[in-house]
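K.L.:
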Amino acid sequence: MTVLIVGAGPVGLTTAHELLRRGVEVRVVDAADGPARNSRAAAMHARTIELLDQAGLYDRFDSRATQGAGIAFHVDGVEMARMNARFTTQRTRFNKVWLIDQVITEGLLRDAVTALGGRIEFGVRLTSLTEHPDRVAVSLRRDESNEDESAEFEWLVGCDGGRSTVRSQLDIRLQGDSSETWLIADAELDFATPVEHDRIRWVRADGDSMMIFPLVGERRWRLLDTVDVDHDVDGPEAAEAVAKRFSRKLSRGLGTDVTVNVPTWVSVFTIQQRAVNTMQSSRCFLAGDAAHVHSPASGQGLNTGMQDAVNLAWKLAAVIAGDAPTELLETYSSERVPVGQSLLGSTRMATMLVEMRNTAVDRALPAVFDFLKALPPVFHALEQTFIGGMSALAIAYPTSLLTVPDTNTTRPGPTAGQRLAQVTETDARTPSWTAVLAALRRPGWLLLTGPDGLDPHPLPRFVTSLPVTDLAADHLGLHTDAWLLVRPDGYVSARGNGPTRLDRTLSRLPMHTTAVAAAGRT
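Going by the UniProt record's numbering, the first residue of the sequence shown is number 1, and it counts up by one from there.
1) How big is the Cα-Cα spacing for residue 502 and residue 418?
2) For residue 561, tell me which candidate among 385, 321, 17 and 139 has the shortest Cα-Cα distance.
3) Does the distance from the C-beta atom of residue 281 to that of residue 404 stay below 8 Å?
4) Tell me whether residue 303 sits in a helix, a strand or coil according to DSSP, three-state version.
5) Can you have a look at residue 23 and say buried or exposed, based on whether 16 or more other CB atoms are within 10 angstroms of its CB?
6) Tell me the DSSP secondary structure of residue 58 in three-state form.
7) Across the stretch 29 to 44 and the stretch 98 to 105, are there enough close Cβ pairs to call them in contact, namely three or more that are closer than 8 Å?
8) Under a three-way DSSP split, which group does residue 118 fall into?
9) Is it the case that the Cβ atoms of residue 2 and residue 155 are separated by a distance below 8 Å?
10) Which of the three DSSP states, helix, strand or coil, is assigned to residue 168?
11) Find the nearest neighbour of residue 461 within the set 443, 302, 495 and 54, judged by alpha-carbon distance.
12) Taking residue 151 as the reference, give the member of 136, 144, 157 and 40 with the closest Cα.
13) With a threshold of 6 Å on Cβ separation, who are the neighbours of residue 446 within its own chain once the five nearest residues in sequence on each side are excluded?
14) Is the CB-CB distance between residue 91 and residue 293 below 8 Å?
15) When you compare each of 364, 131 and 431 to residue 207 by their alpha carbons, which one comes out closest?
16) Pick out the complete beta strand (DSSP E) segments inside the stretch 455 to 512, 3 residues or longer, and give them in chain order.
17) Check each candidate in 190, 186, 249 and 224 and name the one with the smallest Cα separation from residue 215.
18) Assuming residue 333 contacts residue 279 under a Cβ cut-off of 8 Å, what Cβ separation, rounded to an integer in Å, is found between them?
19) For the candidate residues 111, 35 and 79, whose alpha-carbon lies nearest to that of residue 16?
20) Would you decide whether residue 7 is buried or exposed? Buried here means 16 or more other CB atoms lie within 10 Å of its CB.
21) Using 10 angstroms around the beta-carbon of residue 132, count the other beta-carbons present and answer buried if the total reaches 16, otherwise exposed.
22) Any idea what DSSP makes of residue 45, helix, strand or coil?
23) Run the CB neighbour count on residue 56, radius 10 Å, all protein chains shown included, and call it buried at 16 or more, exposed below.
24) Relative to the ligand FMN, is the shortest distance from any of its heavy atoms to the C-beta of residue 411 smaller than 7 Å?
25) Are three or more beta carbon pairs between the stretch 69 to 81 and the stretch 185 to 203 nearer than 8 Å?
26) Within 10 angstroms of its Cβ, does residue 246 collect 16 or more other Cβ (buried), or is it exposed?
27) Nearest-angstrom Cα distance between residue 141 and residue 344?
28) Mind checking which residues open and close the alpha helix (DSSP H) that includes residue 67?
29) Is it right to say residue 366 is buried, meaning 16 or more other beta carbons lie within 10 angstroms of its own, or is it exposed?
30) Determine the DSSP secondary structure at residue 214, reduced to helix, strand or coil.
31) List the residues that DSSP assigns as beta-bridge partners of residue 422.
32) My understanding is that residue 121 touches residue 313, with C-beta atoms under 8 Å, so please give their C-beta distance in whole angstroms.
33) What's the gap between the Cα of residue 310 and the Cα of residue 377?
34) I'd like to check one pair, residue 124 with residue 13: are the Cβ atoms closer than 8 Å?
35) DSSP three-state call for residue 106: helix, strand or coil?
36) Quick check on this structure: which residue in 490, 402, 383 and 479 has the alpha carbon closest to the alpha carbon of residue 85?
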């Protein structure tokens, strides 16, 4: 077997699907006795939606998700402001947020993995691993029979969450801090006055903060609170106490009577804001919560983890196929570690909004919101920073070894290191953009040229060429002898003019990535 994936959550399943659709044999194991019954994550942001479309999975997810409108801020019974989930500073054809339970996400990904011949083994836990220069030796235990199994794999990917066994075995440590203890619950809510079921709500009441998130289902919500949660949450009496607690506080904060029905799930946990300094150890990798853990208030964990999976899978598949050297895999950690660490700052802000407790703050908040709303450009900029940051559309790799810097600042279109598909929903429907987006769904590198194409030496077998016309050519700056070289994850690796520069870049693609960069700078 080629690759062992430890963990069958969204990150592990995305890794498996991306590898399987590139012809790589995988084995997926998970210590749980079966699929998850409760959802940890409930939102999917624009960049993740783009990647699902690239993987050919958009339609099946779109049919199960509902669209989120944004976030509303309430203080002691008054709605102070709304921020809308629309991105004006970053163009995307998916200008939205999906509300979709993690349980549904995992089910759809399991179906996709199974359709490609993959199999998920629950009740199988990793107990140890040993790294060798050419393989990884592991011990697995089947909980049902208590039998141990020894096996060897060429590669191993740890997608086994914040308490990762893989990370522990590799002696890689999460660095950062722990925050307060939080209470989380899923329940049906009834409101005396209608409250739209499409918007996250940040609620202040008597100096305390809460957040509620709409879930799939007309009356279902996720509730987050922080204060006085050092009590037992198990058993029917405790669940009823949780319901009464939230009913009282939400009624005060939203300004209407709220009945929180007995929760279907309640948990108490300590918020972690931590990340690793490396996501690779020889032939082993970490992805998702195994590499970085964030506050659930930010809605970033699942999205960042699935984006990790896509970044790693295409590189691992290229190495396994013999199309790239193992050094290519070093760019996984160098690209994704900064992303995970940068999120610590933004998610810490979201955590502070919930943990903030001070009645003096409540007296100041109305004036703060009134001031911001009186200055629409300022409020809009804040909205785009807050909501747009969660979208992950601005993530780029300008300093990656896979990125060839471009000094032409006047040429339109994405620069090297940025997302290729910076296109609106309307423009994406035009024939020229439809052809480009269809090409992006094929695994492999993509060479985009002007309408007349180029005549370089024969392309490597893992590169597909597409002449681009009309509106897409205008947007991407593809005229005369211009070209764009696009990575399998949809980021621009290099752009330039003329077959000579292109030949220098293409000829070094299968070699060490520093040679690719050097070729672009000559």
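Positions of the beta carbon are idealized from the N, C-alpha and C atoms, including for glycine.
As the structure is a prediction and not an experimental result, all values here were calculated from the model.
P.N.:
On the basis of the supplied data:
1) 19 Å
2) Residue 561 lies beyond the range of the chain shown here (1 to 522); nothing can be said about it.
3) The answer is no: Cβ separation not under 8 Å.
4) Helix.
5) exposed
6) Correct three-state label for residue 58: helix.
7) They touch, by the three-pair rule.
8) coil
9) yes
10) In the three-state DSSP reduction, residue 168 falls in the helix class (H, G or I).
11) 443
12) 136
13) 439, 464 and 486
14) no
15) 364
16) Taken in chain order, the whole beta strand (DSSP E) runs of length 3 or more contained in the stretch 455 to 512 are 463 to 467, 482 to 486 and 492 to 497.
17) 186
18) Right, their Cβ atoms sit about 4 Å apart.
19) 111
20) buried
21) exposed
22) coil
23) So residue 56 ends up on the exposed side.
24) Here there are no bound small molecules, and the ligand FMN is not part of this structure.
25) yes
26) buried
27) 34 Å
28) Annotation for residue 67: no alpha helix (DSSP H) segment contains it, though the beta strand (DSSP E) segment containing it runs 66 to 68.
29) Counting Cβ neighbours within 10 Å, residue 366 comes out exposed, since fewer than 16 surround it.
30) strand
31) Answer is none; residue 422 lacks a bridge partner.
32) Between residue 121 and residue 313 a beta carbon distance of about 19 Å is seen, past the 8 Å cut, so the two are scored as non-contacting.
33) 36 Å
34) no
35) helix
36) 383
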